[in-house]
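Read through the structure below, which is laid out as structure tokens, and then see the notes.
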Amino acid sequence: MSGAVPLNDPRFQTDPVELYRELRRDHGAVAPILLDGDIPAWLVIGYRELHQVTGDPALYSRDSVLWNQWDNVPDDWPLLPMIGRGETSIIHTTNGQHRERAAMISDALEAVDPFTLRQHAERLADELIDSFCADGRTDIIGRYTMLLPVRVLARLLGFTDEQGPGLVTALNEMLDGGEDALTGHGHLVEAATALLTEKADGPGADVVSRMLANRGDFTVEEITKDLLMIMVAGHQPTADWIGNTLRLMLTDDRFAASLSGGRHSVGEAMTEVLWEDTPTQNVPGRWATRDTNLGNRRIRAGDLLILGVAAANFDPQIRTDSSVLTGGNTAFFSFGHGEHRCPFPAQEIAEVIARTGIEVLLDRLPDIDLAVPGEALAQRPSPWLRGLTSLPVIFSPAPALSPARRP
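The sequence shown: position 65 = 65 (full-length UniProt numbering), numbered continuously.
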């Protein structure tokens, strides 16, 4: 494709806003891109066009079998775990089967008690903070945000606390799309399969047991893939939501008050991040079921469209002045749109984990501040998710909580 930009272009991490401006200037709302191995695809960066694609599953399907580039994709392609070849997880199903599986997952997640969830999140957050609060400095990403969501999710799903670190490593390897992506994917599949076997023999009060109890005609393999989807979608975006929000609050004067006088700006900062620095940067994908036109581009049957969530959130036709706070506007695409959007119970769980993680940290370490200049902070090299590699901070050393003082 003429003028196609590689999806692994480092500017997606270093200067995405300027890159989106260039793509709009040169290509309009739908830009040609190249995936690893110079495989062509389209990046949908227009807000209205993204709304159109996600709202028309008959024309833009989630069925990856339709892709017209499979003959060019090697078996060891690093993006294969995210794109999927003949996948049967919920994110690749369509029509009635998708609705049935979505209902099974939503019902299992909806049964999570929000008060119990917050208690778990507070306790685990306090345990993590206890491990570094006396040091006066730490890397919030490596020692907090990358550990908290998966530990909470592990408890909800039925994993043991001891399995958390291995799940974090595997999730990161897969989502970063590097040479270890397939290895990370394999570890997650093994862990999910083992958990389902365990819960089939001895169900408990957890999400996986509830999924198995209401599985209908779905196979164990299908539920295993759905569990993998829950783990991937639930951990890393939430971890990056916490990290990106803390970065915003520590570097942006608009939110300085929340660090020195209460938590009134935490929710506003979390919403602002979902517009300005959303963890979900690009989402694979949709496949055209027939030849069509989109954003003045000729889309061929079987073409892959990558959903440019972050770019659409910055569409100047929607946000005419990106320097102004959105005021709680939740019309962003960070949780998707249409029948494949993130289920509402999953959104609630992610928000409780993220908000609890931020609030507990600010309560425990009220004078927390950056230990490096804001411009020194770097992003992970992932084509899909946007998150910091580290967030070095300093604070006044504080004592660890005794077990009796934890929630």
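Where a beta carbon is used, it is the ideal one built from N, C-alpha and C, also for glycine.
In whole angstroms, what separates the C-alpha of A181 from that of A239?
-> 19 angstroms
Only counting runs of 3 or more residues, tell me where the beta strand (DSSP E) segments fall wholly within the region 108-192, in order along the chain.
-> Whole beta strand (DSSP E) segments, 3+ residues: 137-139.
A282 and P383 look like a contact to me (Cβ under 8 angstroms); what is the Cβ gap, rounded to whole Å?
-> Sequence inspection shows Asn at residue 282; the Ala mentioned does not correspond to that position. Between P383 and N282 the Cβ distance is about 6 angstroms, and since that is below 8 angstroms, they are a contact.
Mark A108 as exposed unless 16 or more other C-beta atoms lie within 10 angstroms of its C-beta, in which case mark it buried.
-> buried
Would you grab the beta carbon distance between A400 and D130 for me? Rounded to a whole angstrom, and I think it's under 8 angstroms.
-> 4 angstroms
Specify whether the region 222-230 and the region 243-256 touch according to this definition: at least 3 beta carbon pairs, one from each stretch, less than 8 angstroms apart.
-> no
Count the other CB atoms within 10 Å of the CB of R25; is the residue buried (16 or more) or exposed (fewer)?
-> exposed
For G262, three-class secondary structure by DSSP | Below a pLDDT of 50, predicted positions are generally treated as unreliable, and G262, at 49, falls in that range; no measurement from the model is reported.
In three-state DSSP terms, what is P284?
-> strand
Delimiting residues of the beta strand (DSSP E) encompassing I394 | Note, I394: beta strand (DSSP E), 392-394.
Own chain residues within Cβ distance below 6 angstroms of A354, not counting five before or after | T238, W241, I242
At which residues does the alpha helix (DSSP H) containing I306 begin and terminate?
-> It is not in any alpha helix (DSSP H) - I306 instead sits in the beta strand (DSSP E) that spans 304-307.
Is P78 near G3, with beta carbons less than 8 angstroms apart?
-> Contact: no.
Out of curiosity, what's the CA-to-CA distance linking D206 and G234?
-> 15 angstroms
Residues near P6 in its chain [Cβ-Cβ closer than 6 angstroms; skip 5 each side] | L34
Tell me which same chain residues have a C-beta within less than 7 angstroms of the C-beta of P16, skipping the five on either side of it?
-> A310
Counting Cβ pairs closer than 8 angstroms, one from the region 213-225 and one from the region 188-199, do we hit at least three?
-> As far as the Cβ criterion goes, the region 213-225 touches the region 188-199, which means the pair count is three or higher.
Label V44 either buried or exposed according to how many other C-beta atoms from any shown protein chain fall within 10 Å of its C-beta, with 16 as the threshold for buried.
-> It is buried - the Cβ of V44 has at least 16 other Cβ atoms within 10 Å.
Taking the continuous beta strand (DSSP E) assigned at V30, which residues delimit it?
-> Segment 30-35, the beta strand (DSSP E) holding V30.
Tell me whether the beta-carbon of D363 lies closer than 8 angstroms to the beta-carbon of V393.
-> no
How long is the line joining the alpha carbons of G262 and P149, rounded to whole angstroms?
-> With a pLDDT of 49 at G262, under the threshold of 50, the modelled position of this residue cannot be trusted; read the value that follows with caution. If you take the alpha carbons of G262 and P149, they lie about 23 angstroms apart.
Beta-carbon proximity list for A121, same chain, < 6 angstroms, skipping 5 on both sides | V152, I353, T356
Can you name, in chain order, every residue of its own chain whose Cβ lies under 8 angstroms from the Cβ of R300, other than the five neighbours on each side?
-> N68, A288, D291
Buried or exposed: where does D303 fall if 16 or more other Cβ atoms within 10 Å of its Cβ makes it buried?
-> buried
Give a yes or no on whether the C-beta atoms belonging to T54 and L307 are separated by under 8 angstroms.
-> yes
Could you check how far apart the C-beta atoms of L147 and V168 are, in whole angstroms? I think they sit under 8 angstroms.
-> 7 angstroms
Mind checking who A205 pairs with in its DSSP beta bridge?
-> For A205, which the question treats as bridged, DSSP gives no partner whatsoever.
State the beta-bridge partners of V352 as determined by DSSP.
-> V352 is not bridged to any residue.
Buried or exposed: which applies to E162, given that a residue is buried once 16 or more other Cβ atoms fall within 10 Å of its Cβ?
-> So E162 counts as exposed.
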